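Residue numbers (this note's numbering): 540 to 859.
Glycine is no exception: its CB is placed at the ideal position from the N, C-alpha and C atoms.
It should be emphasised that the depicted structure is a prediction, and the values quoted were computed from it without experimental measurement.
Below is one structure, written out as structure tokens, with a few remarks after it.
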Ligand SMILES: Cc1cc2nc3c(=O)[nH]c(=O)nc-3n(C[C@H](O)[C@H](O)[C@H](O)COP(=O)(O)OP(=O)(O)OC[C@H]3O[C@@H](n4cnc5c(N)ncnc54)[C@H](O)[C@@H]3O)c2cc1C
């Protein structure tokens with residue numbers, strides 16, 4: 540008999556798992572009358588097989604987006620596949636000098652992982668901006684990426700860090716840069732039956748620093764009006780030899796403007812370089828205009844956020 544732990548049923552959503560059977564298969568009926576099955580496989584292979592068997596299946600990680608959408612009836616999946624019982628989905632391991640982070644690892648777990656936090660403080664600060672302490676105890680980078688909100692906080696930080704998403708599916712495993720997973724609001728490049736299994740953060744060059752910043756109209760519990768992630772590497776003479784810049788919430792998906800990164804490379808990241816970065820970031824932004832900020836305001840703030848993130852990344856690269 541499969542033991543059902545049902546951790547995600549504790550978020551106050553309508554019951555995702557009201558019926559439990561000896562086979563470990565759980566079914567309930569959504570308000571639209573569609574029967575929904577809950578499964579919690581213990582292997583990647585089983586998760587992929589389940590997802591491949593039902594085109595209306597959804598992955599459940601922390602549930603902080605999925606359960607809200609279920610409760611609001613904006614989605615009605617016939618199958619929910621909880622990935623938290625799959626060991627490799629929950630693991631943080633060293634790989635070729637870098638880190639492999641399972642897609643079900645929570646932001647809180649990464650924030651408590653001293654080794655990861657000391658190498659990638661910008662990624663951790665992005666995760667620590669998501670929602671509240673309670674949300675961070677559930678929310679994962681996999682869910683943040685695959686929910687495909689243009690304002691997802693961890694995504695620009697992951698892109699700036701050069702993170703790779705490892706995707707499992709019926710045709711096997713493939714590696715994709717994080718920036719290629721979300722294709723637009725609520726849309727991803729994942730194929731039928733595929734899920735994100737883990738993220739690889741590559742070995743970091745010496746004298747590298749990363750940072751993430753966002754602007755929100757309130758002091759907390761809001762989504763980004765603009766987000767900026769920067770990662771840069773200095774040589775022994777303090778000249779920037781590599782940089783990645785990524786912008787969130789200013790286009791249909793996170794951007795990685797090359798002109799912004801080029802503004803830093805080959806410079807000592809001085810005022811002139813930072814001003815050019817700011818200009819390039821603003822020029823790349825294609826934001827919407829709404830009650831949370833006009834288009835002009837967002838374009839201006841994009842340059843400011845990119846510059847400030849670069850200043851923090853620079854200080855970290857210098858060991859501050
Ligand atoms: C109160 C509140 C505040 C929030 N504040 C913020 C914020 O400040 N910043 C921010 O960016 N977000 C915020 N969010 C949104 C949410 O918390 C994040 O997007 C979170 O990272 C989602 O992760 P999860 O593990 O809970 O995903 P889930 O809800 O489990 O899944 C989200 C989506 O991704 C899919 N999915 C999940 N994992 C995988 C996988 N491994 N492979 C394929 N598909 C997958 C699911 O099927 C679903 O469609 C907030 C949410 C709430 C409720």
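Beta-carbon proximity of residue i to residue j, cut-off 8 Å
i           : j           : result
residue 759 : residue 734 : no
residue 794 : residue 845 : no
residue 800 : residue 815 : no
residue 527 : residue 789 : There is no way to answer for residue 527, as the model of the chain reaches only from 540 to 859.
residue 721 : residue 684 : yes
residue 693 : residue 662 : yes
residue 740 : residue 842 : no
residue 679 : residue 702 : no
residue 798 : residue 819 : yes
residue 655 : residue 631 : yes
residue 711 : residue 791 : no
residue 609 : residue 578 : no
residue 744 : residue 781 : yes
residue 696 : residue 665 : yes
Cβ shell of residue i (< 7 Å), same chain only, five flanking positions each side left out
i           : result
residue 731 : 591, 594
residue 677 : 601, 602, 603, 645
residue 581 : 624, 625
residue 547 : Because residue 547 sits at a pLDDT of 33, beneath the cut-off of 50, its placement in the model cannot be relied upon, and the following sentence gives the value as read from the coordinates. Counting only Cβ-Cβ distances below 7 Å, and skipping sequence neighbours, we find 555, 599, 602, 606, 621.
residue 727 : 685, 687, 720, 721
residue 659 : 700, 740, 749
residue 761 : 755
residue 551 : Unreliable placement is indicated for residue 551, whose pLDDT of 31 sits below 50; the coordinate value is still reported in the next sentence. No residues qualify anywhere along the chain.
residue 529 : In the structure as shown, the chain begins at 540 and stops at 859. Residue 529 is therefore absent and cannot be evaluated.
residue 713 : 706
When the options are compared against residue i, the one with the closest alpha-carbon
i           : options            : result
residue 771 : 738, 838, 855, 600 : 855
residue 773 : 796, 748, 623, 755 : 748
residue 852 : 703, 583, 769      : 769
residue 715 : 724, 726, 736, 696 : 736
residue 635 : 582, 742, 675      : 742
residue 596 : 624, 677, 575      : 575
residue 625 : 751, 757, 644      : 644
residue 764 : 827, 718, 654      : 827
residue 822 : 830, 579, 836, 809 : 836
residue 838 : 754, 780, 682, 628 : 754
residue 628 : 665, 586, 859, 858 : 586
residue 612 : 573, 744, 579      : 573
residue 757 : 817, 857, 832      : 832
residue 848 : 710, 704, 700      : 700
residue 584 : 709, 696, 717      : 709
residue 669 : 840, 682, 782      : 682
residue 616 : 796, 589, 640, 659 : 589
residue 691 : 752, 811, 657, 729 : 752
residue 657 : 746, 775, 834      : 746
residue 633 : 713, 738, 775      : 738
Residues near residue i by beta carbon distance below 6 Å, same chain, minus five either side
i           : result
residue 850 : none
residue 549 : With a pLDDT of only 31 at residue 549, under 50, the local geometry of the prediction cannot be trusted, and the value read off the model is given with reservation. So no residue of the chain qualifies.
residue 725 : 687
residue 650 : 663, 667
residue 858 : none
residue 718 : 698, 795
residue 527 : This structure leaves residue 527 out entirely; the chain is present only between 540 and 859.
residue 502 : Past the boundaries of the shown model lies residue 502; the chain is included only from 540 to 859, so the question cannot be answered.
Same chain, Cβ closer than 8 Å to residue i, five either side skipped, listed in chain order
i           : result
residue 778 : 805, 806, 807
residue 817 : 842, 843, 845, 846
residue 830 : none
residue 840 : 754, 764, 765, 832
residue 672 : 647
residue 812 : 779, 802, 803, 806
Residue i CB to nearest heavy atom of ligand 3 below 7 Å
i           : result
residue 599 : Ligands in the displayed structure: ligand 1; ligand 3 is not one of them.
Chain C within 8 Å of residue i, Cβ atoms only
i           : result
residue 718 : The structure shown has no chain C; it contains just one protein chain.
Secondary structure, beta strand (DSSP E): runs of 3+ residues fully inside the segment 675 to 737: 703 to 708, 711 to 716, 721 to 723
Within the segment 620 to 684, ranges of the beta strand (DSSP E) (whole runs, at least 3 residues): 631 to 634, 637 to 641
Contiguous beta strand (DSSP E) assignments of at least 3 residues, all confined to the segment 571 to 603: 574 to 578, 596 to 599
Every unbroken alpha helix (DSSP H) inside the segment 789 to 858 [4 residues or more]: If you keep only unbroken alpha helix (DSSP H) runs of at least 4 residues inside the segment 789 to 858, you get 797 to 801, 810 to 823, 834 to 856.
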